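K.L.:
Got a structure for you, questions after.
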Amino acid sequence: MSEAKLIDGKLIAQALRQEIAGEVQRFRQAHARAPALHVVLVGDDAASAVYVRNKEKAVVEAGMIGAVHRLPASTTAAALHQLVRELNEDPAVDGILVQLPLPAHIPVDPILESVDPAKDVDGFHPVNVGKLWSGKAALVPCTPRGCLHLLRTAEVPLEGSRALVIGRSNIVGKPMAALLLGANATVSIGHSRSRDLPARCREADVLIVAAGQRQMVEGSWIKPGATVIDVGMHRGPDGKLCGDVDLASARKVAAAITPVPGGVGPMTIAMLLDNTLKAALARTARS
Ligand code: NDP
Numbered sequence: 002m003s004e005a006k007l008i009d010g011k012l013i014a015q016a017l018r019q020e021i022a023g024e025v026q027r028f029r030q031a032h033a034r035a036p037a038l039h040v041v042l043v044g045d046d047a048a049s050a051v052y053v054r055n056k057e058k059a060v061v062e063a064g065m066i067g068a069v070h071r072l073p074a075s076t077t078a079a080a081l082h083q084l085v086r087e088l089n090e091d092p093a094v095d096g097i098l099v100q101l102p103l104p105a106h107i108p109v110d111p112i113l114e115s116v117d118p119a120k121d122v123d124g125f126h127p128v129n130v131g132k133l134w135s136g137k138a139a140l141v142p143c144t145p146r147g148c149l150h151l152l153r154t155a156e157v158p159l160e161g162s163r164a165l166v167i168g169r170s171n172i173v174g175k176p177m178a179a180l181l182l183g184a185n186a187t188v189s190i191g192h193s194r195s196r197d198l199p200a201r202c203r204e205a206d207v208l209i210v211a212a213g214q215r216q217m218v219e220g221s222w223i224k225p226g227a228t229v230i231d232v233g234m235h236r237g238p239d240g241k242l243c244g245d246v247d248l249a250s251a252r253k254v255a256a257a258i259t260p261v262p263g264g265v266g267p268m269t270i271a272m273l274l275d276n277t278l279k280a281a282l283a284r285t286a287r288s
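Those letters in the sequence shown? Residues 2 to 288, by our numbering.
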């Protein structure tokens, strides 16, 4: 049997980013301003600092305005709320992203819930979550949107297919399941308490793995001919990046699979750009 086709997230993200840059140019011509994303970074988590730098760079490359508000780890919840309020009210701001994790003394949910849903480019606000589950237009979390884009671009049939999402986080698993349901797949969600997970995986035509467990899913778990999207991101003992799926054994069984790195990862930033543009377009259409 031939090896699974690799779904090239790097290439697909590049094409999408080019398309977005073109749309941003048209937006700038039509509205005499550029869409603007404001990122709030509290504290000095090293990984977060890298993510934020990458986001800022990508936003600027797409022709948008990228602003970063860097606040010390000692920032109070009240001061952060005040900044979010100011960004909500500023007509020049289209997207607001509060980088997680926040320092332990700041409760996360009240902050995420204080972001104007129309500017919530992470799609974490309960209003956007509710809209997604009720099939209405919404700002949708970037990583699952990126996974759906990969499936669409690779022309994976979703309608009527059996899809299994492993992971039920609010950031990846649950919105992923909602998107697949919206695409008319028959969706199941697996998690740490699921019984017989390998057997459930073997029934899935489309398998999305977002468990945060290094190389948990092996080839023997996969239905021959299935499509596998690996959301996981880990640094192995050899220092190399790997996912939640054992790529070598999975490739022998699946028809198509995303590699790590170069699969889902590049799509997350591309979708952040798209969400910012979407928010800007929706806001200008309303004003
Ligand atoms: P969370 O830790 O929030 O959620 C993990 C989910 O997986 C939980 O629902 C958990 O179940 C489930 N799970 C954990 N262990 C098992 C197991 N042994 N069997 C079955 N289910 C299990 O993680 P996230 O959703 O935030 O992220 C998941 C992965 O995706 C991580 O590796 C993360 O690094 C990566 N990621 C990658 C991104 C990218 O851009 N490429 C972006 C975001 C995340 P339970 O609910 O029962 O605890």
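Each residue gets a CB set at the ideal place from its N, CA and C atoms; glycine is no exception. Here the structure is a predicted model, which means the values were calculated and not measured.
Take residue 87 and list the residues in its own chain whose beta-carbon comes closer than 6 Å to its own, dropping the five residues that flank it on each side.
P.N.:
Mapped onto the sequence shown, residue 87 falls at position 86. Nothing listed; no residue qualifies.
K.L.:
Give me, in chain order, the residues of the same chain whose beta-carbon lies closer than 6 Å to that of residue 263; leave out the 5 immediate sequence neighbours on both sides.
P.N.:
Here the question's residue 263 lines up with position 262 in the sequence shown. Closer than 6 Å at the Cβ level, and outside the excluded window around residue 263, lie 10, 11.
K.L.:
In terms of residues, what are the limits of the alpha helix (DSSP H) holding residue 266?
P.N.:
Here residue 266 refers to the residue found at position 265 of the sequence shown. Element bounds for residue 266: 266-287.
K.L.:
Using a Cβ-Cβ cutoff of less than 6 Å, which residues in the same chain neighbour residue 178 once the five nearest sequence positions on both sides are dropped?
P.N.:
For the purposes of this step, residue 178 is taken as residue 177 along the sequence shown, with counting starting at 1. Result list for residue 178: 166, 188, 190, in chain order.
K.L.:
So for residue 208, helix, strand or coil by DSSP?
P.N.:
In the sequence shown, residue 208 corresponds to position 207, counting from 1. In the structure shown, residue 208 sits in a strand (DSSP, three-state: E or B).
K.L.:
Kindly identify the DSSP beta-bridge partner or partners of residue 6.
P.N.:
Here residue 6 refers to the residue found at position 5 when the sequence shown is read from its first residue. For residue 6, which the question treats as bridged, DSSP gives the partners 257.
K.L.:
May I have the straight-line CA-CA distance separating residue 221 from residue 258, to the nearest angstrom?
P.N.:
Against the sequence shown, residue 221 aligns to sequence position 220. Against the sequence shown, residue 258 aligns to sequence position 257. Using only the alpha carbons, I get a separation of about 15 Å.
K.L.:
In terms of residues, what are the limits of the alpha helix (DSSP H) holding residue 85?
P.N.:
Along the sequence shown, one-based indexing puts residue 85 at 84. That run of the alpha helix (DSSP H) goes 78-90.
K.L.:
Per DSSP, which residues does residue 229 bridge with? Please list them.
P.N.:
As a position in the sequence shown, residue 229 is number 228, starting the count at 1. According to DSSP, which records beta bridges pairwise, residue 229 is partnered with 208, 258.
K.L.:
How about residue 38 and residue 49: are their beta carbons less than 8 Å apart?
P.N.:
In the sequence shown, residue 38 corresponds to position 37, counting from 1. In the sequence shown, residue 49 corresponds to position 48, counting from 1. No; because the gap between Cβ atoms is not below 8 Å, this pair is not in contact.
K.L.:
How would you call residue 63, buried or exposed, if buried means at least 16 neighbouring beta carbons within 10 angstroms?
P.N.:
To locate residue 63, count along the sequence shown from 1; it is residue 62. Flag for residue 63 reads buried.
K.L.:
So, for residue 22: in the same chain, excluding its five sequence neighbours on each side, which residues have a beta-carbon less than 8 Å away from its beta-carbon?
P.N.:
To locate residue 22, count along the sequence shown from 1; it is residue 21. Once the five neighbours on either side are set aside, the close Cβ partners of residue 22 are 62, 63, 64.
K.L.:
Assuming residue 182 contacts residue 149 under a Cβ cut-off of 8 Å, what Cβ separation, rounded to an integer in Å, is found between them?
P.N.:
Here residue 182 refers to the residue found at position 181 when the sequence shown is read from its first residue. Here residue 149 refers to the residue found at position 148 when the sequence shown is read from its first residue. That belief does not hold up - the Cβ atoms of residue 182 and residue 149 are roughly 11 Å apart, past 8 Å.
K.L.:
Which first and last residues belong to the alpha helix (DSSP H) in which residue 1 is found?
P.N.:
Lying before the first or after the last residue shown, residue 1 is absent from the chain, which here runs from 2 to 288.
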